[in-house]
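**Student:**
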Amino acid sequence: MQAGTPTTYDVCIVGSGAGGGMAAYALTRAGARVVVLEAGPEWWATKDSTMLVPTYASPRRGGATKTRPFGEFDACDGGWEIEGEPYTRAPGTRFDWWRARMLGGRTNHWGRISLRFGPNDFKGKTQDGLGDDWPISYDDVAPYYDRVDDLVGIFGSVERLPNHPDGRFLPAPRPRCYELLVQQASRKLGVTCIPARLSIITRPHNGRAGCHYCGQCNRGCAVNANFSSPEVLLRPALATKRMTLVTNAMAREVTVGKDGLATGVSYVDTRTGEDRHVRARVVVLAASACESARLLLNSRSTLFPQGLANASGTVGKYLTDTTGTDVAGFIPKLADHVPHNEEGVGGGHVYMPWWLDNRKLDFPRGYHIEVWGGLGTPSYGFMGGIHRYPGAGGYGRKLKEDYRRYYGSTIGFSGRGEMIPNEKSYCELDPDVVDRWGIPVLRFHWEWSDHEYNQVKHMQQTFRALVAEMGGEVFSPMPTKEEGYGIAPGGRIIHELGCTRMGSDARSSVVNANCQAHDCRNLFIADGGPFVSQADKNPTWTILALAWRTADYITAQRKLGAI
Ligand SMILES: Cc1cc2nc3c(=O)[nH]c(=O)nc-3n(C[C@H](O)[C@H](O)[C@H](O)COP(=O)(O)OP(=O)(O)OC[C@H]3O[C@@H](n4cnc5c(N)ncnc54)[C@H](O)[C@@H]3O)c2cc1C
Ligand code: SF4
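Under our numbering, the sequence shown has 885 at position 39, and the numbering climbs by one with no breaks.
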């Protein structure tokens, strides 16, 4: 903790990921004295990244570890299971919860796919009668998307497509060899395929260096050319000298006074196990959608017996995740390639935004397609087993030749679609289980509906048609209905949203259109919790835009003396 800071802060922010980082950035710039409580330790990409460390430098060759399930060089500390911090699932259901435990949260290794929601995404119910509309529209968020584009930096191309708003883009990198093949096949099948939109700066931007195309974004960028909350948001917030950062601080509950207003946050110092408390005039929860719900449910008092901001009983409800399924195939045209460097940025250079009309389909809403393949640095488990390629395998020289021959001849597609919120998918406190700090944990309930199954079936069929169009062979048979058409379990796409949704009716929502709790006017949510619907778009650009909008509202309300 920095010296000389006030004992009652203007704002306490819980969590330092996308939402918390943006709230800290905007509030400190507006003059507020802010304390950020972060459960994990410090981590700064420009200091701690393993960018450019060769995989052969480690005996694991980049294999997974307990705290780095995506590989030992991956930037994010966390995982599906964290020792001493369990969660439970209702019998017969499955939801997997990814949690980061470090400064910047998941923004250290996220895919940087940075998509705006479109006008229809805020008004889903008006379109097809399902779910609910947001109490705000695209026009309310658009100015904040613009600001996020300008501050963080994003590449892309102006396309003027319906419901896929363009941004203020830096130039997009050109497609790689395999992506050109995908574009050709897409064109033949009538699938829209355009340059990707990623928060990676392709030329110097706001004092940061441009990308040098090493393809290792998930390790964190040592030259700060991609977005992470610590480097792009928290560093400038700290530079204002108005931000106090408390790491290894696991928030336990929001405390309230006799007047029902939040007074601060109690937390556990995870290095000593001691209980501590910070006082603040305003509390902003940005611990990630489900964790913020958990904090509210654990903030029980005589005034709020069913948890803070939960008079409606909807905290934990309307939990969604992106639908997802993958198909990969061997593309003979890409075998025996001329060796060349095509690493590019750490992500696809092209993607397919939703292109069809639902009136002609048996599912609502849409999905987009992410494409993978190419000649990136190989690491442990690369190519998924050489025996899958024609005539390949064995020992010695032949095995090495097969690897050289087939390396880079795989193309994969991942579908990312919109789930409709349903009553059977939610989280609540488990009455019997606590974590290592004695804090009650979440119990998840989960169910997909036919909307999602039919959508994923369509993804599978489309991906198989694309592989066939390229003259390739898929590695796996079409999953059956009994196999859910290959739908990834809930939570596995790591886009969990909802649980503290926004609405104009305090009886059916947790926060209002400014992400302010209906029941507690100095309490705000700045993560994916307030989302009313999922959209097929990856959520983080919208989390950033909404967090900035919420911070501006807090600033205005403070000026008025209303909070
Ligand atoms: C591998 C991967 C790839 C992804 N790719 C994309 C992508 O391409 N595009 C996209 O839009 N999204 C992507 N996402 C999702 C994206 O990372 C999240 O949407 C985003 O980070 C959510 O921001 P957040 O602030 O809500 O949570 P987080 O970024 O998870 O931050 C939450 C922070 O709160 C801290 N915290 C939690 N509980 C407490 C507590 N009790 N007390 C104190 N601190 C606490 C955590 O340690 C963490 O630092 C990806 C995620 C993963 C894991
Ligand atoms: S690809 Fe570019 S942005 Fe990503 S880690 Fe390498 S230099 Fe940084």
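Note that beta-carbon positions come from the ideal geometry of N, C-alpha and C, so glycine has one too.
Which whole-angstrom value is the C-beta distance of Ile1285 and Asn1144, which I expect to be below 8 Å?
**Tutor:** Yes, Ile1285 and Asn1144 are in contact; Cβ-Cβ is about 6 Å, under 8 Å.
**Student:** Starting from Phe1370, trace the beta strand (DSSP E) in both directions and tell me its first and last residue.
**Tutor:** Leu1369 to Ile1371 is the span of the beta strand (DSSP E), which, as asked, contains Phe1370.
**Student:** If distances are taken between C-alpha atoms only, which option among His1183, Val1184 and Cys1136 comes closest to Val1161?
**Tutor:** Val1161 has its Cα closest to that of Cys1136, out of His1183, Val1184 and Cys1136.
**Student:** Is the beta carbon of Met1324 less than 7 Å from the beta carbon of Thr1169?
**Tutor:** Cβ atoms of Met1324 and Thr1169: not closer than 7 Å.
**Student:** What ranges does the beta strand (DSSP E) occupy inside the segment 1145 to 1213, keeping only unbroken runs of at least 3 residues that lie completely in it?
**Tutor:** You should have 1169 to 1176 and 1196 to 1198.
**Student:** Do the segment 889 to 907 and the segment 1217 to 1233 touch if we need at least three Cβ pairs shorter than 8 Å?
**Tutor:** Contact between the segment 889 to 907 and the segment 1217 to 1233 is present, because at least three Cβ pairs lie under 8 Å.
**Student:** In the DSSP output, which residue or residues are listed as bridge partners for Phe1259?
**Tutor:** Val1173 and Val1217, per the DSSP bridge assignment.
**Student:** Among residues of its own chain, excluding the 5 on either side of Asn1368, which ones have a beta-carbon nearer than 8 Å to its beta-carbon?
**Tutor:** Cβ neighbours of Asn1368 beyond the five flanking positions: Leu1107, Ala1108, Arg1127, Val1128, Val1129 and Ile1409.
**Student:** For Phe1290, name the three-state secondary structure that DSSP assigns.
**Tutor:** If DSSP states are grouped into helix, strand and coil, Phe1290 belongs with the strands.
**Student:** Would Arg1310 pass as a contact of Val1320 if the rule is Cβ separation under 7 Å?
**Tutor:** Cβ distance < 7 Å, so Arg1310 and Val1320 count as in contact.
**Student:** Keeping to the same chain, check which residues put their C-beta closer than 6 Å to that of Trp890; ignore five residues upstream and five downstream.
**Tutor:** Here the set comprises Pro1076.
**Student:** Measuring from each Cβ to the nearest heavy atom of ligand 2, keep the ones under 6 Å and list them in chain order.
**Tutor:** Chain-ordered list of matching residues: Met897, Ile1046, Cys1057, His1058, Tyr1059, Cys1060, Gly1061, Gln1062, Cys1063, Cys1067, Val1069, Ala1071, Asn1072, Val1191 and Gly1192.
**Student:** Under DSSP, the alpha helix (DSSP H) around Ile1389 begins and ends at which residues?
**Tutor:** Per DSSP, Ile1389 belongs to the alpha helix (DSSP H) from Thr1386 to Leu1406.
**Student:** Considering only the beta carbon of each residue, do Phe919 and Thr896 sit closer than 7 Å?
**Tutor:** For Phe919 and Thr896, yes; Cβs fall inside 7 Å.
**Student:** Ignore the nearest five residues each way along the sequence and tell me which others in Pro1021's own chain have a CB closer than 7 Å to its CB.
**Tutor:** The answer, listed in chain order, is Gln1029, His1195 and Val1196.
**Student:** Do Tyr1059 and Gly1190 have their CB atoms nearer than 7 Å?
**Tutor:** It is a contact, given that the beta carbons lie within the stated cut-off.
**Student:** For Glu1005, is the classification buried or exposed, using 16 other Cβ atoms within 10 angstroms of its Cβ as the cut-off for buried?
**Tutor:** Result: exposed.
**Student:** When we look at the beta-carbon of Tyr1235 and count the other beta-carbons within 10 Å, is it buried (16 or more) or exposed?
**Tutor:** With 16 or more Cβ atoms within 10 Å of its Cβ, Tyr1235 is classed as buried.
**Student:** Figure out for me which residue from Thr1386, Thr1401, Ala1397 and Glu1293 has the closest Cα to the Cα of Asp995.
**Tutor:** Here the closest residue by C-alpha is Thr1386.
**Student:** Mapping DSSP to helix, strand and coil, what is Val1302?
**Tutor:** Of the three classes helix, strand and coil, the one that applies to Val1302 here is helix, per DSSP.
**Student:** When the Cβ atoms of the segment 1245 to 1252 are set against those of the segment 1282 to 1300, are three or more pairs found closer than 8 Å?
**Tutor:** The answer is no - the segment 1282 to 1300 does not touch the segment 1245 to 1252, with fewer than three Cβ pairs under 8 Å.
**Student:** From Ser1410 to Lys1163, what distance separates their C-alpha atoms?
**Tutor:** Since the first residue of the chain shown is 847 and the last is 1409, residue 1410 is not available in this structure.
**Student:** Kindly identify the DSSP beta-bridge partner or partners of Gln1362.
**Tutor:** Looking at the DSSP assignment, Gln1362 forms a beta bridge with Phe1370.
**Student:** Can you find a heavy atom of ligand 1 that lies under 6 Å from the Cβ of Ala946?
**Tutor:** Result yes, Cβ under 6 Å from ligand 1.
**Student:** Let me know if Leu877 comes out buried or exposed under the rule of 16 or more other beta-carbons within 10 Å of its beta-carbon.
**Tutor:** The displayed chain sequence assigns Gly, not Leu, to residue 877. The residue in question, Gly877, is exposed, as its Cβ has fewer than 16 Cβ neighbours within 10 Å.
**Student:** For Lys1383, count the other beta carbons within 10 Å of its own beta carbon; 16 or more makes it buried, fewer makes it exposed. Which is it?
**Tutor:** It is buried - the Cβ of Lys1383 has at least 16 other Cβ atoms within 10 Å.
**Student:** Rounded to the nearest angstrom, how far is the Cβ of Gly1219 from that of Tyr1024, given a contact under 8 Å?
**Tutor:** Going by Cβ atoms, the distance from Gly1219 to Tyr1024 rounds to 4 Å, so yes, they are a contact pair.
**Student:** Name the one or two DSSP bridge partners that Ser1112 has.
**Tutor:** Looking at the DSSP assignment, Ser1112 forms a beta bridge with Glu1099 and His1123.
**Student:** Taking only runs of the alpha helix (DSSP H) that begin and end inside the segment 999 to 1064, which ones reach a length of at least 4 residues, in chain order?
**Tutor:** The qualifying runs are 1023 to 1035.
**Student:** What are the boundary residues of the beta strand (DSSP E) that includes Thr1090?
**Tutor:** Here the beta strand (DSSP E) through Thr1090 covers Met1089 to Val1092.
**Student:** Can Val1114 and Trp926 be called in contact, C-beta distance under 7 Å?
**Tutor:** It is not a contact, given that the beta carbons lie outside the stated cut-off.
**Student:** Put Ile959 into one of helix, strand or coil per three-state DSSP.
**Tutor:** Note: Ile959 maps to strand in three-state DSSP.
**Student:** At which residues does the beta strand (DSSP E) containing Pro1082 begin and terminate?
**Tutor:** Element bounds for Pro1082: not the beta strand (DSSP E) but the alpha helix (DSSP H), Arg1081 to Ala1085.
**Student:** So, Val1216 versus Lys1034, is the Cβ gap smaller than 7 Å?
**Tutor:** The sequence shown places Glu at residue 1216, not Val. Not closer than 7 Å, so no.
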